[in-house]
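Here's the structure we're looking at; comments come further down.
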Amino acid sequence: MKPFDFQRAGTVSDALAQFAPGSAYLAGGTNLVDHLRAGIREVDGLVDISRLDLTEIAELPGGGLRVGALVKNSDMAAHPLLRERYPALAEAILAGASGQIRNMATTGGNLLQRTRCVYFYDPATPCNKREPGSGCSAIGGFGKYNALFGASEHCVTVHPSDMCVALALLDAVVVAESEAGGRRIPFADFHRLPGDTPHLDTNLRPGELITAVELPAVPVAAQSTYRKARERTSYAFALVSVAAALRTEGENVAEVRLACGGVAHRPWRAHRAEAYLTGKPATAEHFRAAIEAELEEAQSGTENAFKVPLLRNMVVSVLEELRDGRTPQRRAEQGGAA
Ligand SMILES: Cc1cc2nc3c(=O)[nH]c(=O)nc-3n(C[C@H](O)[C@H](O)[C@H](O)COP(=O)(O)OP(=O)(O)OC[C@H]3O[C@@H](n4cnc5c(N)ncnc54)[C@H](O)[C@@H]3O)c2cc1C
């Protein structure tokens with residue numbers, strides 16, 4: 001490993017001042033340290049932000065929550081107001097990694113975790129994300145995990161985070177600070193599609209520090225859930241995942257939100273499906289037609305073709321579960337297993 005400077009910041013302004021070109025912020029270290037060890041990334045300096053006072057979850061006027069960037073994933077998933085108002089978010093976090101990793105991993109770090117593409121992790125192979133201009137080994141290579149939506153000729157990988165799929169559902173806002181001042185980035189503008197710059201995962205600028213994620217008041221999110229299909233029941237990234245929120249009036253869909261994971265370079269908000277479904281009868285037939293409308297944009301190869309029926313069936317099943325009040329949260333409230 002290349003030697004690097006190490007500094008520990010006591011305040012946000014210290015951290016911003018200590019950051020130099022070639023530096024990285026170190027939060028829980030569960031992703032960054034792996035990359036340093038594996039030779040996927042080199043840094044000149046690490047600015048340890050783990051002691052910053054950004055560990056609070058606070059109520060916002062109007063019913064939202066502000067989650068500090070250093071809140072541990074475990075603490076976020078366990079917070080009573082977050083579980084009540086945004087069950088899909090709590091379920092998504094608990095579907096990720098392991099208890100030990102969630103005890104270290106932070107909100108800010110989760111947003112910035114990098115792809116799990118096997119070629120990104122293998123420095124012996126070309127990867128435009130790891131080494132711009134070197135090529136994409138996943139195109140024509142091992143394609144099982146590749147994207148369905150929004151891929152480019154330069155990168156076909158998917159975003160690995162569970163939490164971010166739920167944040168996309170909620171239209172969260174990322175709050176960032178830099179020496180030039182603070183800014184608020186709508187979640188839809190935070191992660192990028194690969195285009196011809198797949199090495200850039202997000203629109204965060206070099207040196208910007210995430211200080212919080214704000215969850216707006218989203219009443220429909222009280223009836224939301226997250227489901228993840230994976231190759232093992234724990235400690236595995238999503239093949240496909242679905243976060244959904246649904247409100248019906250009578251027989252019809254009054255409000256619906258749908259976001260998908262494991263299918264694109266960023267969490268994929270299924271706007272076409274939402275638009276199709278709003279106002280329609282809340283039946284399996286219409287749920288299926290809604291995701292078909294979204295899938296019109298999908299492109300798959302031989303090895304990842306399985307993701308199409310998997311996504312279709314998961315969306316129908318999750319929306320039926322919400323319609324019928326059979327989500328993990330509702331079952332727990334009724335005294336069953338969560
Ligand atoms: C074995 C294993 C299994 C996993 N399984 C899953 C899974 O199933 N689902 C899932 O979603 N995730 C999974 N993860 C990923 C895990 O969620 C991330 O590693 C974690 O969220 C990263 O958070 P961190 O605080 O440790 O970030 P770090 O590793 O400290 O940092 C990650 C990146 O974010 C930057 N950064 C961190 N905080 C800030 C900040 N406040 N402002 C600016 N930049 C910042 C760092 O510079 C670095 O580039 C898994 C990880 C492991 C090791």
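Counting in full-length UniProt numbering, the sequence shown tops out at residue 338, every number present.
We put the beta carbon where it would ideally sit given N, CA and C, even for glycine.
{"Check": "Please confirm whether any heavy atom of ligand 1 lies closer than 6 Å to the CB of A90.", "Outcome": "no"}
{"Check": "Helix or strand or just coil, what does DSSP make of D324?", "Outcome": "coil"}
{"Check": "Helix or strand or just coil, what does DSSP make of R272?", "Outcome": "helix"}
{"Check": "Is S98 near Y226, with beta carbons less than 7 Å apart?", "Outcome": "no"}
{"Check": "Touch check for the stretch 81-97 and the stretch 117-136: three-plus C-beta pairs under 8 Å?", "Outcome": "no"}
{"Check": "Just the C-alpha distance for E42 and D48, rounded to the nearest angstrom, thanks.", "Outcome": "16 Å"}
{"Check": "Just to confirm the assignment, what range does the alpha helix (DSSP H) spanning V33 have?", "Outcome": "32-38"}
{"Check": "Report buried or exposed for residue 368, applying the criterion of at least 16 other Cβ atoms within 10 angstroms of its Cβ.", "Outcome": "Nothing can be reported for residue 368: it is not among the residues displayed for the chain, which extend from 1 to 338."}
{"Check": "Specify the secondary structure class of D227 as computed by DSSP and reduced to three states.", "Outcome": "The amino acid at residue 227 is misidentified as Asp; the sequence shows Arg. R227 falls in the strand class under three-state DSSP."}
{"Check": "May I have a chain-ordered list of the alpha helix (DSSP H) segments no shorter than 4 residues that lie completely inside the stretch 50-96?", "Outcome": "73-78, 80-85, 87-94"}
{"Check": "Is DSSP giving V158 helix, strand or coil here?", "Outcome": "coil"}
{"Check": "Thinking H66 and E214 are a contact (beta carbons under 8 Å), I'd like their distance in whole angstroms, please.", "Outcome": "In the sequence as presented, His is not what sits at residue 66; that position holds Arg. Between E214 and R66 the Cβ distance is about 5 Å, and since that is below 8 Å, they are a contact."}
{"Check": "Would a C-beta distance cut-off of 7 Å place M104 and T197 closer than the cut-off?", "Outcome": "no"}
{"Check": "Roughly how many angstroms separate the alpha carbons of R116 and T107, rounded to a whole number?", "Outcome": "18 Å"}
{"Check": "Go through its chain and collect everything with a Cβ distance to A338's Cβ below 6 Å, but skip five positions before and after it.", "Outcome": "Residue placement at A338 is flagged as unreliable, the pLDDT there being 47, under the threshold of 50; a coordinate-derived value is accordingly withheld."}
{"Check": "Nearest CA to the CA of P206: which residue from F237, M314, S50, F19?", "Outcome": "F19"}
{"Check": "Would the stretch 260-273 count as touching the stretch 163-171 if we require 3 or more Cβ pairs under 8 Å?", "Outcome": "yes"}
{"Check": "Which stretch, first to last residue, makes up the alpha helix (DSSP H) that contains F6?", "Outcome": "That residue, F6, is in no alpha helix (DSSP H); its beta strand (DSSP E) goes 5-8."}
{"Check": "Pick helix, strand or coil for C127, following the three-state DSSP scheme.", "Outcome": "strand"}
{"Check": "My output table needs one value for C164: the three-state DSSP class, helix, strand or coil.", "Outcome": "helix"}
{"Check": "Have a look at N73 and D189 and give me their C-alpha separation to the nearest angstrom.", "Outcome": "22 Å"}
{"Check": "Only counting the same chain, and skipping five residues up and downstream in sequence, which positions put a Cβ closer than 6 Å to that of E274?", "Outcome": "V256, L258"}
{"Check": "DSSP three-state call for T106: helix, strand or coil?", "Outcome": "strand"}
{"Check": "On the three-state DSSP scale, how would you describe I291?", "Outcome": "helix"}
{"Check": "Is P281 helix, strand or coil when you go by DSSP?", "Outcome": "strand"}
{"Check": "If you reduce the DSSP assignment to three classes, tell me which class F317 lands in.", "Outcome": "Checking the displayed sequence, the identity of residue 317 turns out to be Ser instead of Phe. Three-state DSSP puts S317 in a helix."}
{"Check": "Pull the bridge partners of F237 from the DSSP assignment, please.", "Outcome": "None, per the DSSP bridge assignment."}
{"Check": "Using the C-alpha atoms, what's the distance from V118 back to E249?", "Outcome": "45 Å"}
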